[in-house]
Every structure is written in C-alpha cells, then in structure tokens.
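Enquirer:
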Amino acid sequence: MENPYKTLGVKENASEEEIKKAYRDMVKKYHPDQYRNNPLSKLAEERLAEINEAYDYITKNRFSGRSWNTGGQTNSRNWNTSGDFGGDPEFSNISSNINSGNLDYAETLLNRISNRNAKWYYLMGVLNLKRGRYDVAYSHIENAVNMDPGNDEYRNTLNRMNMSNSTYRNNAYNSGYGGDANLCNTCSCLCCADSCCECMGGDCIPCC
Amino acid sequence: MFGYINPLKAEMKMREYEIFKAYYCAVCKSIKKKCGQLPRLALSYDAAFLAVLLSSLSDVPLQAKRMNCAVHPLKKGSVITTDDTIIEYAAEMNIILAYYNLKDSFKDDKSLSAAFGSALLKRCAGRVKKKYPQKCAIIEALLSQQEKLETAKCGSMDEAAEPFAGIMQEVLCYEGEPVNKKSGEILRWLGYNLGKWIYILDALDDIEKDLKKKTYNPLIYQFEITEDNPDDDLETLLGRVEFNLTHTLSQISSSMELLDMKKNKSIAENIINMGMLAKTEQIINKRGAAKKIGKSV
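Going down the list, the protein sequences come from chains Z and S. To convert, take the position in the first sequence, counting from 1, and add 1; that gives our numbering. To convert, take the position in the second sequence, counting from 1, and add 613; that gives our numbering.
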C-alpha cells in the first residue's frame with residue numbers, strides 16, 4: 002500500500018476535518034457513476050478502493066473508535082447493466098456480452114432481433130455509450146425511457162449521462178470559469194492588442 | 614492540428630502560463646531541429662498540450678532554459694529542457710498530422726497554400742513515418758476510412774467522428790517511459806474522446822462554409838440543413854451537439870483524473886476543464902447568435 006496520506010492528497014499532519022474533506026472530495030471524483038459504461042470503470046474502481054483503503058488505514062490509526070466508513074459499500078456493487086431482463090435469455094446474453102466488452106458480437110445479436118422494445122433500445126444505447134457514440138446512445142436510451150417510463154434502470158442511465166455533463170460544468174464554474182464577462186472581454190482585448198504588438202516586435206504585457 | 618485546444622489564460626496562474634509557453638517553445642525548437650525553419654509554422658497549441666499531458670506522467674523535475682528565438686528575435690523565452698523524448702514525440706505527431714491535414718485539404722480544394730505546405734512537410738513527414746511505421750499505417754488506414762464515410766455522406770456525427778477519434782487515440786498512445794499499461798489505457802480513451810470533440814466541434818464551426826462550398830459535413834446530413842434555410846431546426850442541432858460535446862469533455866476530464874500526474878496537473882486541468890469548455894461555448898454561441906441553449910446548469 003502506498004502512503005495513505007499521499008493517496009488522499011493531504012499532509013501527514015492534516016486535521017481530521019481536512020482528511021474527511023479530502024476523502025469526500027475523492028469519493029465524489031472517482032465515484033463509479035462518473036465512469037459507468039465507460040472502458041475505464043475498472044481503473045476508477047481500483048482507484049476508489051485505494052482511496053477507501055487509505056482512508057480506513059488513517060481512521061483506524063488516528064481517530065480510532067469512530068466509524069466513518071461511508072464509501073466502502075460502493076465497491077461491491079455491480080456497475081454494469083443489471084442483466085435482469087425479466088428472464089429473457091437472449092437479452093441477458095447480450096447484456097453480459099456488452100458488460101464484458103464484446104461490443105461487436107453484442108451488436109450483431111441486437112441487429113438480429115426484429116422486435117425492438119424498450120429493452121432493445123436500452124441495450125443498444127448502453128452499447129453505443131461504451132463505444133463513445135454519445136449522441137446515438139442518448140437517443141436510444143431516451144427512446145427506452147419513453148417506451149417504458151416506469152423502468153428505473155433506463156431512467157437512471159439517462160440521468161447519469163446528464164449528471165456527467167453537469168458535474169463537468171460545475172467543476173469549471175467552481176474553479177472560476179465564467180467569471181465577470183466584461184472583465185474577461187477587457188482582458189482578452191488587451192491580450193489581443195498585445196499579441197498584435199508582439200508580431201511587430203514589441204511587447205506591452207511581457208507575460209503573454 | 615486544428616488549434617481548438619487552448620488554455621483559458623484568464624484563469625491561469627502566470628507561472629502555469631510560463632510553463633505552458635515553455636513547452637510550446639520546446640516543441641517548436643524540436644520541429645526546427647528535425648525539419649528546419651519553415652515547418653515551424655505548422656505548430657499548434659495542440660502539440661504543446663500533448664507534450665504537457667505526456668510529460669505530466671514522468672517524475673523528472675521540470676527544468677527550463679532561457680533561449681533566443683528566431684520567430685521572436687527581440688525576446689528571450691523559457692524553453693523546457695527535460696522530458697526531451699516526449700517533446701520530440703509531440704513535435705513529430707504535430708508534423709505528421711499537419712502533413713496529412715494539408716494533403717487532405719489540397720485534395721478537397723486544390724488550394725495553392727495546401728500544396729505548398731504539404732510539399733514542404735513531405736520529407737520530414739517521411740522520416741516520421743519511418744520512425745513509427747505501425748502508428749502511421751494505422752493513421753493512414755483511419756484516414757481512408759474517414760474518406761469512405763465522407764463519400765458515403767454519413768449522416769451521424771458519432772460515426773463520422775470515429776476515424777479521427779481513432780487517430781487521436783493513436784497519437785496519445787505514446788509507447789515507452791513514462792507511459793505504462795494502465796496510463797496507456799487511460800490515454801487511449803482520453804485520446805478517443807479528444808478526437809471526437811475536435812472533429813464534431815470542427816464540423817459545427819464549418820457548417821456555413823461547407824454549405825457554401827457544397828463540401829461534406831456530417832451535421833448537414835444528420836440535421837438535413839439546406840442552404841435556403843440553414844437555421845431551420847437550429848435549436849435541436851445545437852442542443853444535441855452541445856450535449857455530445859459536453860459529454861466527450863466530461864469523459865476527457867474524468868480520464869485525466871485517473872492519470873497519476875507527477876506535474877503539470879493544474880495546467881492540464883485548466884485546458885481540459887476550462888479552455889476546452891470555453892472554446893465549445895464560443896463556437897456554439899457563434900452559431901446560435903448568443904442564444905443560450907440546453908444549458909444544464
């Protein structure tokens with residue numbers, strides 16, 4: 002095991018609060034939902050396991066007696082398509098092929114099916130999601146949700162796609178993106194003017 | 614390459630910007646060493662980003678030297694002197710992609726500048742091909758696949774973007790230290806999504822030009838855009854494209870989080886989480902005439 006403090010990105014003399022905060026941030030960052038249906042999900046799981054291990058180690062050795070093991074259970078869950086398709090063996094078979102990465106084979110099987118119900122659209126959607134074809138994937142999964150509005154799995158997958166986008170955007174906004182627009186314009190005008198000067202050999206703002 | 618990958622300067626620390634520029638200069642100097650003065654014009658920030666990203670994985674501490682520059686003779690600038698094999702690789706990839714790109718645009722519109730450019734890069738690109746025969750064979754196969762999709766007037770932005778996504782996947786797949794099996798896998802997925810983002814953003818940026826010149830653009834076919842009525846269903850188009858682009862960015866960002874970065878992390882974060890988002894929004898807003906559409910915040 003690597004230095005658990007390094008894994009959590011905190012100093013060894015960090016306070017309990019700091020460690021908890023770092024841990025919570027890390028769990029959020031590497032949460033399986035962020036990597037679901039994406040070829041890196043295994044690596045993210047490993048990383049989260051390392052983080053949990055590090056946090057467990059620190060808590061046991063520092064503030065023993067308190068249990069703070071909120072993220073532990075996320076590891077054991079199955080983060081692929083559930084494979085529960087009402088006992089339909091064909092769909093279950095396709096689902097397990099998608100989960101194990103045999104995408105071409107799963108696609109051939111799906112294309113052979115003429116009865117295109119909600120399950121079909123869902124699986125086609127997940128398959129395309131794994132391929133990185135997000136526009137196609139979203140349409141298929143949306144279709145599945147519309148055909149079977151009561152199905153939580155379909156709805157959750159669609160929600161998660163939307164969630165990834167807003168997480169990404171929120172990340173940017175939290176780091177200062179989209180600040181005062183007028184100020185930005187002023188700066189970029191200055192930078193542009195400066196670039197023009199640089200072309201001619203002068204430089205008003207030496208840093209850019 | 615295409616010049617869509619930029620840092621968001623306003624949110625960058627000066628030190629970070631200095632480092633980014635020092636990478637840029639290092640790649641530029643490497644191109645000069647390999648190919649001479651003129652091919653330096655082909656350099657883009659994309660290659661500097663590639664160098665920043667790949668060398669972030671190596672734990673060699675960063676070092677820079679103040680050096681003279683032929684392009685800006687009046688000032689000295691910092692140039693990164695460590696991780697030189699990575700910087701050389703970024704320069705080589707820049708040359709080979711610029712060469713293929715110029716060759717392709719010469720085929721499309723027979724422009725003189727493209728002919729001149731590709732002739733200029735030919736010898737140097739040949740050397741790169743010799744050094745990475747497998748990689749270049751894969752890239753060439755993907756380029757001919759792209760040509761096929763274009764002739765077939767593919768009407769899906771996802772499918773049309775796939776060959777270029779594959780090319781970027783190959784480009785990011787640096788073999789050898791400091792990239793190991795695990796980071797190689799992450800870089801491949803990051804590269805795939807990066808290529809996809811560039812291709813679709815470029816398609817969005819070029820709709821008007823392609824309508825006028827009657828050249829292929831997947832978005833024109835997917836959303837059945839006509840020259841008489843180019844903004845017929847603009848909202849659907851922008852909504853779908855924006856979702857797709859933001860999702861590729863979210864994948865790039867979450868892939869980066871998995872990389873074990875020893876340095877340059879804040880620079881890569883600035884470019885991926887802010888610079889690329891800013892570029893996406895800039896092009897979407899240009900097309901949507903300041904209409905904010907489908908924002909999920």
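Beta carbons: idealized from backbone N, C-alpha and C, even for Gly. Everything numeric in this text was worked out from a predicted model, so none of it was measured.
So is residue 76 of chain Z buried or exposed if we call it buried at 16+ other beta carbons inside 10 Å?
Expert: Locating residue 76 of chain Z in the first sequence gives position 75, where the first residue counts as 1. Because the pLDDT at residue 76 of chain Z is just 35, under 50, the model does not fix this residue reliably, and the point stays unresolved.
Enquirer: Should residue 662 of chain S go down as buried or exposed, given a rule of 16 or more other Cβ atoms within 10 Å for buried?
Expert: Residue mapping note: residue 662 of chain S aligns to position 49 of the second sequence, counting from 1. Classification of residue 662 of chain S: buried, given that the 10 Å Cβ count is 16 or more.
Enquirer: Is any non-hydrogen atom of the ligand SAH found closer than 7 Å to the C-beta of residue 662 of chain S, if you look at the structure I gave you?
Expert: Although the ligand SAH was asked about, the structure shown includes no ligands whatsoever.
Enquirer: For the segment 807–825 of chain S, which residues have a CB atom closer than 7 Å to at least one CB atom of chain Z, in sequence order?
Expert: Result list: 809.
Enquirer: If you count every other CB in all the chains shown that lies within 10 Å of the CB of residue 627 of chain S, and 16 or more means buried, which is it?
Expert: Start at 1 with the first residue of the second sequence, and residue 627 of chain S comes out as number 14. Residue 627 of chain S should be labelled exposed.
Enquirer: If we define contact as Cβ-Cβ less than 8 Å, is residue 162 of chain Z a contact residue for chain S?
Expert: One-based indexing of the first sequence puts residue 162 of chain Z at position 161. So, interface residue.
Enquirer: So, with DSSP's three-state summary, where would you put residue 678 of chain S?
Expert: Numbered from its first residue, the second sequence carries residue 678 of chain S at position 65. In the structure shown, residue 678 of chain S sits in a strand (DSSP, three-state: E or B).
Enquirer: Output, in chain order, the set of chain Z residues within a Cβ distance shorter than 8 Å of residue 886 of chain S.
Expert: Numbered from 1 along the second sequence, position 273 holds the residue referred to as residue 886 of chain S. Within chain Z, the residues near residue 886 of chain S are 169, 172, 173, 176 and 178.
Enquirer: Quick check on the burial criterion: 16 or more other C-beta atoms within 10 angstroms. Buried or exposed for residue 650 of chain S?
Expert: Numbered from its first residue, the second sequence carries residue 650 of chain S at position 37. Residue 650 of chain S comes out exposed.
Enquirer: Work out the CA separation of residue 652 of chain S and residue 750 of chain S for me, nearest whole Å.
Expert: Counting from one through the second sequence, the residue named residue 750 of chain S turns up at place 137. Counting from one through the second sequence, the residue named residue 652 of chain S turns up at place 39. Computed Cα separation, rounded: 22 Å.
Enquirer: So what does residue 690 of chain S bridge to, in DSSP terms?
Expert: Mapped onto the second sequence, residue 690 of chain S falls at position 77. Beta-bridge pairing links residue 690 of chain S to S:680.
Enquirer: Taking only runs that begin and end inside the segment 793–847 of chain S, name each unbroken alpha helix (DSSP H) of 4 or more residues, in chain order.
Expert: You should have 794–818, 820–826 and 831–835.
Enquirer: Going by beta-carbon coordinates alone, are residue 632 of chain S and residue 667 of chain S separated by less than 8 Å?
Expert: On the second sequence, residue 632 of chain S is found 19 positions in, with the first residue counted as 1. On the second sequence, residue 667 of chain S is found 54 positions in, with the first residue counted as 1. The answer is no: Cβ separation not under 8 Å.
Enquirer: For residue 856 of chain S, which residues in chain Z fall below 9 Å Cβ to Cβ?
Expert: Working through the second sequence from its first residue, we reach residue 856 of chain S at position 243. Those are 135, 136, 139, 162, 163 and 166, listed as they occur along chain Z.
Enquirer: Put residue 5 of chain Z into one of helix, strand or coil per three-state DSSP.
Expert: Along the first sequence, one-based indexing puts residue 5 of chain Z at 4. In this structure, residue 5 of chain Z counts as helix in the three-state DSSP scheme.
Enquirer: For a contact defined as C-beta to C-beta under 9 Å, what are the partners of residue 870 of chain S on chain Z?
Expert: Counting from 1 along the second sequence, the entry for residue 870 of chain S is found at position 257. Within 9 Å Cβ-Cβ: 30, 31, 35, 45 and 48.
Enquirer: Just the chain S side, please: which residues come within less than 8 Å of residue 39 of chain Z by C-beta, in chain order?
Expert: Walking along the first sequence from the start, residue 39 of chain Z turns up at place 38. The contacting residues are 802, 864 and 867.
Enquirer: With DSSP collapsed to three states, give me the class of residue 874 of chain S.
Expert: The residue you call residue 874 of chain S lines up with position 261 of the second sequence. It is coil, neither helix nor strand.
Enquirer: Measuring only the C-alpha atoms, how far is residue 92 of chain Z from residue 105 of chain Z?
Expert: Numbered from 1 along the first sequence, position 91 holds the residue referred to as residue 92 of chain Z. Numbered from 1 along the first sequence, position 104 holds the residue referred to as residue 105 of chain Z. When rounded, the distance between both Cα atoms is 15 Å.
Enquirer: Cβ of residue 835 of chain S within 8 Å of Cβ of residue 889 of chain S?
Expert: Here residue 835 of chain S is taken as the residue at index 222 of the second sequence, counted from 1. Here residue 889 of chain S is taken as the residue at index 276 of the second sequence, counted from 1. It is not a contact, given that the beta carbons lie outside the stated cut-off.
Enquirer: Give every residue of the same chain whose Cβ lies closer than 7 Å to the Cβ of residue 143 of chain Z, excluding the five residues on either side of it in the sequence, and list them in chain order.
Expert: Position 142 of the first sequence, counted from the first residue, corresponds to residue 143 of chain Z. Contacts found: 159.
Enquirer: What residues in its chain sit with their C-beta under 8 Å from that of residue 151 of chain Z, if we drop five residues either side in the sequence?
Expert: Position 150 of the first sequence holds residue 151 of chain Z. Within the same chain, residue 151 of chain Z has no close Cβ partners at all.
Enquirer: Nearest by alpha-carbon distance to residue 814 of chain S: which of S:721, S:897, S:655 and S:736 is it?
Expert: Within the second sequence, numbered from 1, the residue matching residue 814 of chain S stands at position 201. Per the Cα distances, S:897.
Enquirer: Would you list, in chain order, the members of the segment 627–644 of chain S that have their beta-carbon closer than 8 Å to a beta-carbon of chain Z?
Expert: Within the segment 627–644 of chain S, the qualifying residues are 627, 630 and 631.
Enquirer: Looking at C-beta atoms only, is the number of pairs between the segment 853–860 of chain S and the segment 784–802 of chain S that lie closer than 8 Å three or more?
Expert: Counting Cβ pairs under 8 Å, fewer than three are found: no touch.
Enquirer: Residue 795 of chain S CB to nearest chain B CB: under 8 Å?
Expert: The structure shown has no chain B; the protein chains it does contain are Z and S.
Enquirer: What are the complete alpha helix (DSSP H) segments, minimum 4 residues, inside the segment 94–157 of chain Z?
Expert: Fully enclosed alpha helix (DSSP H) runs of 4 or longer: 104–113, 119–132 and 135–148.
Enquirer: Considering only residues of the same chain and omitting the five flanking positions on each side of residue 625 of chain S, which have a CB-CB separation below 6 Å?
Expert: As a position in the second sequence, residue 625 of chain S is number 12, starting the count at 1. Cβ neighbours of residue 625 of chain S beyond the five flanking positions: 883.
Enquirer: So residue 877 of chain S and residue 669 of chain S are supposed to be a Cβ contact under 8 Å. How far apart are they, rounded?
Expert: Stepping through the second sequence from its first residue, residue 877 of chain S is reached at position 264. Stepping through the second sequence from its first residue, residue 669 of chain S is reached at position 56. 4 Å between Cβ atoms; contact.
Enquirer: Can you list, in chain order, the residues of its chain with a C-beta nearer than 6 Å to that of residue 27 of chain Z? Leave out the 5 residues immediately preceding and following it.
Expert: As a first step, residue 27 of chain Z must be located in the first sequence, where it is residue number 26. So the qualifying residues of the chain are 52.
Enquirer: Please look up how many angstroms separate the CB atoms of residue 617 of chain S and residue 822 of chain S, rounded, as I've assumed it's under 8 Å.
Expert: Taking the first residue of the second sequence as 1, we reach residue 617 of chain S at position 4. Taking the first residue of the second sequence as 1, we reach residue 822 of chain S at position 209. Their Cβ separation, rounded to whole angstroms, is 16 Å, which puts residue 617 of chain S and residue 822 of chain S out of contact at 8 Å.
Enquirer: In chain order, what residues of the same chain lie with their CB nearer than 6 Å to the CB of residue 6 of chain Z, ignoring the 5 residues before and after it?
Expert: Numbered from its first residue, the first sequence carries residue 6 of chain Z at position 5. Contacts found: 13.
Enquirer: Please decide whether residue 799 of chain S counts as near chain Z, where near means a Cβ-Cβ distance under 8 Å.
Expert: Taking the first residue of the second sequence as position 1, residue 799 of chain S is located at position 186. For residue 799 of chain S, the answer is yes, since a Cβ of chain Z falls inside 8 Å of its Cβ.
Enquirer: Against residue 861 of chain S, what residues of chain Z qualify as contacts under a CB-to-CB distance less than 9 Å, listed in chain order?
Expert: One-based indexing of the second sequence puts residue 861 of chain S at position 248. By Cβ distance, chain Z contributes 133 and 135.
Enquirer: Considering only residues of the same chain and omitting the five flanking positions on each side of residue 778 of chain S, which have a CB-CB separation below 6 Å?
Expert: Here residue 778 of chain S refers to the residue found at position 165 when the second sequence is read from its first residue. Correct list, in chain order: 805, 808 and 809.
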